[in-house]
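Here the structure comes first, spelled out in structure tokens, and everything after it is commentary.
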Amino acid sequence: MTALFPCVTFGQIAEMVDEGQTSCTSGSFMFILLAPVLCGCWILASSYRKKLRKKYSLVQAPAEDWILHLFCPFCTLCQEFRELKCRGLDPALGWMGYLAKQHEETLTIPPKSQVMSI
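For the sequence shown, the working numbering gives the first residue as 3, with consecutive numbering after it.
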């Protein structure tokens, strides 16, 4: 998906990092708009990588965010996608899908102590 439509992957990541404040569609659109401007999408993408690192206290490695997005954007987007997925946030579901999944999981948990009385 990222190799053919990196804008969609970025949109999914942006939606999860911003906790639904930025939709996948608007994130993808911003990415597409900046692509022709000297491949300026790396500026936007590196800012979201920085937000992701700050949110989860991740180190900046193996290089600075802007360098990774400038020279290896597809790998960097895939890494960010996997990081969110490993933390239980599936970017492919979107923020509302994540919230629905969380709500569904809380409904299926039985009460802790159940006692039958006569």
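Note that the Cβ used here is the ideal one computed from N, Cα and C, for glycine as well.
Secondary structure note for residue 115: it is in no alpha helix (DSSP H), with a DSSP letter that is neither H nor E. Leaving aside the five residues that flank residue 93 on each side, the residues in its chain whose CB is nearer than 6 Å to its CB run, in chain order, 14, 15, 18, 83 and 86. For residue 19, the enclosing alpha helix (DSSP H) has its first and last residue at 8 to 19.
With respect to residue 22, residue 97 sits close: the two C-beta atoms are nearer than 7 Å.
Taken through DSSP and simplified to helix, strand or coil, residue 48 comes out as helix. By the C-beta density criterion, residue 39 is exposed, having fewer than 16 other C-beta atoms within 10 angstroms. The beta carbon of residue 51 sits closer than 8 Å to those of 67, 70, 71, 78 and 82, all from its chain and outside the five residues before and after it, given in chain order.
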